[in-house]
Each structure stands twice: as structure tokens, then as C-alpha cells.
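*Asks:* Sending over a structure as C-alpha cells; questions will come in a sec.
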Amino acid sequence: MNHDDNLRIHGLKATLPRMKVLDVLREERAHLSADEIHRRLLLQGEDIGLATVYRVLGQLEQVGIVRRNVFDAGRAVYEIEHGGHHDHLVCVHCGRVEEFFDPQIEALQHEVARSRSFSLVEHRLAMFGICGGCSQERPGIGTARRRPPGGGTIG
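Sequential numbering from 1179 applies to the sequence shown in the working numbering.
Right, here's the structure in full:
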């Protein structure tokens, strides 16, 4: 489905800022902050302000076209909502985010909830660690104890 149709289905007009923000998110296939999206738009020669990017992201999130995640210290990142559930691995060194789905983890989460008399409505799982790229660039980086976003200890 193209941007025009997707926006119209959700009751939004296909304005240039909305189209450009969606283009960046679809082309990058990554989890990007509003600042990163804005920087990419500027590099493309687009004259779209940061406040407009935030406003557009809020509108797209509200109608379910994009999903907002907060992985570290209040920094929100956005991704296209594809409809399927997935979890995230987040590198605490470079910020890389990798999506994954594991049926065993999903089953365990539901069992934990059931065993505590909860009926899951929604859940999000983010695991924090050191990605392979950072481990190769800096041997030993994964052995130091680090503070993940929100406190606690990794390692």
C-alpha cells in the first residue's frame, strides 16, 4: 500500500511532511528518533522543521501507522507499524536496535502472566546488551558492567 492510501485510510491527508517522514522511516528500516529523521530530511534538501517532524510523528503514532518506543533515558525512537508483534535487542554501546520474534519467549511471558493471575493485554520486551559489531571493534567491551537505560546492571 502506498503512502497516500495508508494515510487516507487513517483519515489523514497526504501532506508533504507526512509523506517525507514516512519515506525516511520506510527507506531506513530502522528505529529513528525525531532528530535523526529531521537530519535525514535536511540531508535530502527538505525544508521541514523539527517541530513539524515531532507533530507528524505524533499524528502517525496516534492513528497506528508508526510505533513509538523508548529504549534509553527517555529517547523515543519510531518505526513503521507492521501489525506483527516483535521484541527488541538494543546495543547499549552504539544504540543499534534489532527486532526479533521468538515463540518460546512469547509462550513463557504468557505463562508468567497466567501464573500470577494476569491476563496479558499487551507487552513489550527490550533486551539490552552489546551487539556483535561493537564486540568485534572493541574486544572486552562486553565484559564491563554497564548500566542499562532505567537502571539495573548488565553483565
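Backbone N, C-alpha and C define an ideal beta-carbon position, used for all residues, glycine too.
Could you check if E1205 belongs to the surroundings of the ligand ADP, using beta carbon to heavy atom distance under 7 Å?
*Replies:* For the ligand ADP, the structure offers nothing, since it holds no ligand at all.
*Asks:* Would you call T1230 buried or exposed, if buried means 16 or more other Cβ atoms sit within 10 Å of its Cβ?
*Replies:* Along the sequence shown, one-based indexing puts residue 1230 at 52. Buried is the call here.
*Asks:* Looking at V1234 and R1196, is the spacing between their C-beta atoms short of 8 Å?
*Replies:* Mapped onto the sequence shown, residue 1196 falls at position 18. Mapped onto the sequence shown, residue 1234 falls at position 56. Cβ distance < 8 Å, so R1196 and V1234 count as in contact.
*Asks:* Within 10 angstroms of the Cβ of E1315, are there 16 or more other Cβ atoms? Answer buried if so, exposed if not.
*Replies:* Here residue 1315 refers to the residue found at position 137 when the sequence shown is read from its first residue. Here E1315 is exposed: its Cβ has fewer than 16 other Cβ atoms, across all protein chains shown, within 10 Å.
*Asks:* Helix, strand or coil for C1269? Go by DSSP, reduced to three states.
*Replies:* The residue you call residue 1269 lines up with position 91 of the sequence shown. C1269 carries a strand assignment under DSSP once its states are collapsed to helix, strand and coil.
*Asks:* From H1188 to R1245, what distance separates their C-alpha atoms?
*Replies:* For the purposes of this step, residue 1188 is taken as the residue at position 10 of the sequence shown. For the purposes of this step, residue 1245 is taken as the residue at position 67 of the sequence shown. If you take the alpha carbons of H1188 and R1245, they lie about 15 Å apart.
*Asks:* Per DSSP, what kind of secondary structure is G1333 in: helix, strand or coil?
*Replies:* To locate residue 1333, count along the sequence shown from 1; it is residue 155. Below a pLDDT of 50, predicted positions are generally treated as unreliable, and G1333, at 42, falls in that range; the measurement from the model is reported next regardless. Coil, per DSSP.
*Asks:* Between the C-alpha atoms of L1228 and A1254, what's the straight-line distance to the nearest angstrom?
*Replies:* As a working note, residue 1228 is residue 50 in the sequence shown. As a working note, residue 1254 is residue 76 in the sequence shown. So the two alpha carbons sit approximately 14 Å from each other.
*Asks:* How is A1192 classed by DSSP in three states: helix, strand or coil?
*Replies:* Residue numbering aside, residue 1192 sits at position 14 when the sequence shown is read from its first letter. If DSSP states are grouped into helix, strand and coil, A1192 belongs with coil.
*Asks:* According to the neighbour-count rule (16 or more other Cβ atoms, all chains shown, within 10 Å of its Cβ), is K1191 buried or exposed?
*Replies:* Counted from its first residue, the sequence shown places residue 1191 at position 13. So K1191 ends up on the exposed side.
*Asks:* CB H1209 to CB Y1256, shorter than 8 Å?
*Replies:* As a position in the sequence shown, residue 1209 is number 31, starting the count at 1. As a position in the sequence shown, residue 1256 is number 78, starting the count at 1. In this structure, Y1256 lies closer than 8 Å to H1209 by Cβ.
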